[in-house]
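Colleague:
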Amino acid sequence: MGGDVIGKFIYFWAFIIGVIIFGKVFGFMNDTKTTVIILIASAIVYVVWIVGRNKASQRREAQEAENRKNTIKVKGQGNKRR
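If you count the sequence shown from 1, you need to add 976 to reach this note's numbering.
1. If we call anything under 9 Å between Cβ atoms a contact, is residue 1019 one with residue 988?
2. Enumerate in chain order the residues of its own chain whose CB-to-CB distance from residue 1005 is below 8 Å, with the five nearest sequence positions on each side excluded.
3. Just verifying my parser: in three-state terms, what is the DSSP assignment at residue 1002?
4. Give me the Cα-Cα distance between residue 992 and residue 1044, rounded to the nearest whole angstrom.
5. Distance check for residue 1046 and residue 1017, CA to CA, integer angstroms please.
6. Note down the Cα distance separating residue 990 from residue 1041, rounded to an integer number of angstroms.
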């Protein structure tokens, strides 16, 4: 579910609701201005985190594909018993 657009949308709002609850419980969100600043900052942090994870995943997949390409043995090469 987390890979598609709907899953990312749900995870985003779950994160924002968690930030709101955390902020209310610990008293960070006392007035409207502070609340808006915290929510905008947390949304930016979430988006940067998701973009970073996607980029890292793409790099990892490219590296694995490169490793698979380099480890393919050509027939006739390798250890021969004599």
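Even glycine gets a Cβ: it sits at the ideal position worked out from N, Cα and C.
Modeller: Looking at the atomic coordinates:
1. The count along the sequence shown starts at 1 and reaches residue 1019 at position 43. The count along the sequence shown starts at 1 and reaches residue 988 at position 12. A contact, by the Cβ cut-off of 9 Å.
2. As a working mapping, residue 1005 is identified with position 29 in the sequence shown. The answer, listed in chain order, is 996, 999, 1011 and 1014.
3. Sequence index remark: in the sequence shown, residue 1002 carries index 26 (1-based). Helix.
4. Position 16 of the sequence shown, counted from the start, is the residue given in the question as residue 992. Position 68 of the sequence shown, counted from the start, is the residue given in the question as residue 1044. Answer to the nearest angstrom: the Cα atoms are 40 Å apart.
5. Taking the first residue of the sequence shown as 1, we reach residue 1017 at position 41. Taking the first residue of the sequence shown as 1, we reach residue 1046 at position 70. The alpha-carbon atoms of residue 1017 and residue 1046 are separated by roughly 43 Å.
6. Here residue 990 corresponds to residue number 14 of the sequence shown, with the count starting at 1. Here residue 1041 corresponds to residue number 65 of the sequence shown, with the count starting at 1. One C-alpha to the other measures close to 34 Å.
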